[in-house]
Amino acid sequence: MTKNKFSFRNIPGWVYTVVVFGFLYLSGLHTEAIGQVQRVLLATGIMQPDLPAIPASRSSINKSPETEVVPEAMLANDFLLQDLQGNMVKFSSLKNKVVFMNIWATWCPPCVAEMPGIQKLYDKLNGEKDIAFVMLSVDQNGMEKVKKFISKKGYTFPVYLPASNIPATFQTQSIPTTFILGKGGKVAARHDGMADYDSKEVKDYLEGLAK
1 MTKNKFSFRN IPGWVYTVVV FGFLYLSGLH TEAIGQVQRV LLATGIMQPD
51 LPAIPASRSS INKSPETEVV PEAMLANDFL LQDLQGNMVK FSSLKNKVVF
101 MNIWATWCPP CVAEMPGIQK LYDKLNGEKD IAFVMLSVDQ NGMEKVKKFI
151 SKKGYTFPVY LPASNIPATF QTQSIPTTFI LGKGGKVAAR HDGMADYDSK
201 EVKDYLEGLA K
């Protein structure tokens, strides 16, 4: 009687797939792995953010410290943020600035995929005093996880966690979601899902709003 000998060749391919994905999931590497695949997709340049035309009628804002006021739209959408050093920051403290706000989480593969592009955009605009970045993490696992992630990646853009309820204007059913606010505090553009933000079009759009 011939005995059946064990051979890896006899194991169905789907078993290997389950084992690999199981390992990635249990090790926490699945987010990074999927993010890398999606990053390749972003590199094709086909996923560009939705950027409507810059409003023609933009009221001039007096930048004098004595008369500087918080725009009504900014006040209506005000909430508390906490930076990675534990400091509480009012969203309205970004008054009279163009705000690039990205809502993300460490466990979100498309968020991970688009972050290098956002970092490059931030690097190009870091000297623009009228443009502010708000990378708003909605992680439920606490600040330490977010700090560890940001430190590991070497990102330098400003990262915050919500310290009060996020206003309805910025509520979203999916992440990442990106909002661009004009100087008056109104939403000028919104993009749901990942996109490539390291482009001349996005940079020019932000600088155009800041004029």
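Going by the working numbering, the sequence shown opens with residue 1, and the numbers climb by one from there.
Even glycine gets a Cβ: it sits at the ideal position worked out from N, Cα and C.
Given residue i, which residues of its chain have a CB within under 7 Å of its CB, disregarding the five upstream and five downstream residues?
| i | result |
| --- | --- |
| Thr169 | Asn77, Val187 |
| Lys228 | Residue 228 is absent from the structure shown; the chain starts at 1 and stops at 211. |
| Asn165 | Phe79 |
Residue i CB to nearest chain D CB: under 8 Å?
| i | result |
| --- | --- |
| Gly154 | Structure shown: chain D not included; a single protein chain is present. |
Using a Cβ-Cβ cut-off of 8 Å (strictly less than) and excluding sequence neighbours within five positions of residue i, which residues of its own chain qualify?
| i | result |
| --- | --- |
| Met194 | Gln38, Leu42, Met47, Pro110, Cys111, Ala113, Glu114, Pro176 |
| Gln85 | none |
| Gly139 | Note that residue 139 corresponds to Asp in the displayed sequence, not to Gly. Ala105, Thr106, Trp107, Lys145, Val146, Leu161. |
| Arg190 | Asp50, Thr177, Thr178, Phe179, Ile180 |
Span of the alpha helix (DSSP H) holding residue i?
| i | result |
| --- | --- |
| Tyr205 | 200-210 |
Mapping the DSSP letters down to three states, classify residue i as helix, strand or coil.
| i | result |
| --- | --- |
| Tyr197 | coil |
| Ala53 | coil |
| Phe179 | strand |
| Gln38 | helix |
| Asp192 | strand |
Along the chain, where does the beta strand (DSSP E) that runs through residue i open and close?
| i | result |
| --- | --- |
| Met74 | Element bounds for Met74: not the beta strand (DSSP E) but the alpha helix (DSSP H), 72-76. |
| Val69 | Premise fails: Val69 is in no beta strand (DSSP E) and is neither H nor E. |
| Met88 | 88-90 |
| Gln82 | 80-83 |
Just to confirm my understanding: we take residue i, look at its own chain, exclude 5 residues before and 5 after, and list those with CB closer than 6 Å. What are they?
| i | result |
| --- | --- |
| Gly185 | Pro71, Ala73, Met74 |
| Ile131 | Val98, Leu125, Leu206, Ala210 |
So, under 8 Å CB-CB, residue i and residue j are touching, yes? Tell me the CB distance rounded to an integer number of Å.
| i | j | result |
| --- | --- | --- |
| Asn102 | Met135 | 5 Å |
Quick check on the DSSP output: what are the complete beta strand (DSSP E) runs of length 3 or more inside the segment 94-170, in order along the chain? 98-104, 131-137, 159-162
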